[in-house]
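> Residues 83 to 347 (this note's numbering) make up the sequence shown, in order. Glycine included, each C-beta is placed from N, C-alpha and C at the ideal position. Okay, handing you the structure first.
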Amino acid sequence: MRIGILGGTGSRSIIDDAETVRVETAWGAVPVETGRVGDLLVFFVSRHGADHGRSAHRVAHKANLAALAACRTDAVFAINNVGGLREPFTTGDLVVPHDLVALWGPHVTIHEAEAVHVDMTAPYCPHLRSALVTAASETWNGTVHAEGVYVQVPGPRLETAAEVRHLATMGDVVGMTGGPEAVLARELGLCFASLAFVANPAAGREAGPVVADALRKALADVSVALRDTVVAAARAVPRDRDCGCREAPAKGRMAPVPMRQAHKA
């Protein structure tokens, strides 16, 4: 099985002896690390670039997802670093989001020249989610939330305490990259799910400021455990799936309306 992985802040490639290939897309070239992890052929993309040089608002989401699609991946897992908006979502927890709020952008689509409205009623593949929940429950030394609502904010700044209070009325965790990835994966017909690590309580939930570099270190410290969880989940994904993810682009495409012929006198 061909598995795509999107890694984020503090993430390391899950491939020990990786080969880096340059995948050309309509939105730019993407370095993709590829190699085998047991029986899996894995394609790893660092969403912020190899040196973490791209802040959240500059991540090349379209290029990243298009590159994984070009690699003919059967499933794509994202590892996301998030803040906990409310109890019981707290530092050190894992969340497998089941829903998404992405009202504030960045607003992305690969269909700039045609009308395609993909269904996002359930934004994550149920088969990948189920595999992640099972794997995390077996590999993670901590709390695993089998559901959660991911709230997308544009970044790159962190949220204010007032914003966090507002966001907590809509969701459970907050991040800067998961929304565009879920949308583009659906537009590309990719089975997609997120494994979200709660690196900190969001602003205002505890005394003191949120320190950005501490968030990177928190994820780096657990990157091996997250890798093991994703690999275990990938091995459990069924090859034959009835989720409808692959058919979503075709079902969302609107047929062009023919112009009425000019009336002949």
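In whole angstroms, give me the CA-to-CA distance for ALA344 and THR107.
Interpretation of ALA344 is limited by its pLDDT of 49, a score under 50 that renders its predicted location unreliable; the figure taken from the coordinates is listed afterwards. Cα-Cα distance, rounded: 41 Å.
> Take GLY119 and list the residues in its own chain whose beta-carbon comes closer than 7 Å to its own, dropping the five residues that flank it on each side.
Note that residue 119 corresponds to Val in the displayed sequence, not to Gly. If we look at VAL119 and ignore the five residues flanking it on each side, its Cβ neighbours are ILE96, ILE97, VAL313.
> Could you give the DSSP three-state label for SER128: helix, strand or coil?
Three-state DSSP puts SER128 in a strand.
> Are the CB atoms of GLY230 and PRO262 within a distance shorter than 8 Å?
For PRO262 and GLY230, no; Cβs fall outside 8 Å.
> Going by DSSP in three states, HIS172 sits in which element: helix, strand or coil?
Correcting the residue type first, residue 172 is Thr in the shown sequence and not His. Coil at THR172, not helix or strand.
> Can you tell which of PRO170, THR203, LEU185, LEU301 has its C-alpha closest to the C-alpha of THR225?
Selected option, being the one with the closest Cα: PRO170.
> List the endpoints of the continuous alpha helix (DSSP H) containing ASN163.
Looking at the DSSP string, ASN163 is not in any alpha helix (DSSP H); the run it does join, the beta strand (DSSP E), is 157-166.
> Around the C-beta of GLY135, are 16 or more other C-beta atoms found within 10 angstroms, so that it is buried, or is it exposed?
By the 10 Å Cβ count, GLY135 comes out exposed.
> Are the beta-carbon atoms of VAL198 and GLU269 separated by less than 8 Å?
Yes, Cβ-Cβ distance for VAL198 and GLU269 is below 8 Å.
> One question on the structure: do LEU301 and GLN234 come within less than 8 Å of each other, judged by their Cβ atoms?
No; because the gap between Cβ atoms is not below 8 Å, this pair is not in contact.
> Could you check where the beta strand (DSSP E) with SER276 kicks off and where it finishes?
From DSSP, the beta strand (DSSP E) with SER276 extends over 274-283.
> Inspect the beta-carbon positions of THR259 and ALA138 and report whether they are closer than 8 Å.
Cβ atoms of THR259 and ALA138: closer than 8 Å.
> Just how far apart, CA to CA, sit MET202 and THR191?
If I take the Cα positions, the gap works out to 13 Å.
> Using the rule of at least 16 other Cβ atoms within 10 Å of the residue's Cβ for burial, across every protein chain shown, is LEU185 buried or exposed?
With fewer than 16 other Cβ atoms within 10 Å, it is exposed.
> Starting from PRO113, follow the beta strand (DSSP E) in both directions and report where the run begins and ends.
Per DSSP, PRO113 belongs to the beta strand (DSSP E) from 110-119.
> Taking all protein chains shown into account, decide if GLY90 is buried (16 or more other Cβ within 10 angstroms of its Cβ) or exposed.
GLY90 is buried by the Cβ-count criterion.
> Are the Cβ atoms of GLU241 and ALA284 separated by less than 8 Å?
Cβ atoms of GLU241 and ALA284: closer than 8 Å.
> Is VAL256 helix, strand or coil when you go by DSSP?
In the structure shown, VAL256 sits in a strand (DSSP, three-state: E or B).
> Three-state secondary structure (DSSP) at THR107?
THR107 falls in the strand class under three-state DSSP.
> Determine the DSSP secondary structure at GLY86, reduced to helix, strand or coil.
GLY86 falls in the strand class under three-state DSSP.
> With respect to the alpha helix (DSSP H) encompassing ASP310, which residues constitute its N-terminal and C-terminal limits?
305-318 is the span of the alpha helix (DSSP H), which, as asked, contains ASP310.
> Which of the three DSSP states is assigned to THR102 in this structure?
Note: THR102 maps to strand in three-state DSSP.
> Return helix, strand or coil for ASP181, following the three-state DSSP convention.
ASP181: strand per DSSP, three-state reduction.
> Let me check you understand the geometry: is the CB of VAL114 closer than 7 Å to at least one non-hydrogen atom of the ligand MN?
The ligand MN is not part of this structure, which contains no ligands at all.
> Per the DSSP calculation, ARG335 is bridged to which residue(s)?
DSSP output for ARG335 lists VAL198 as bridge partner(s).
> On the CB-based measure, 16 or more other CB atoms within 10 Å of its CB, does ALA316 come out buried or exposed?
Buried: at least 16 other Cβ atoms inside 10 Å.
> Measure the beta-carbon distance from GLY286 to ALA243 and round it to whole angstroms, keeping in mind my assumption that it falls under 8 Å.
GLY286 to ALA243, Cβ: 3 Å. Contact.
> Under DSSP, the alpha helix (DSSP H) around VAL215 begins and ends at which residues?
Segment 208-221, the alpha helix (DSSP H) holding VAL215.
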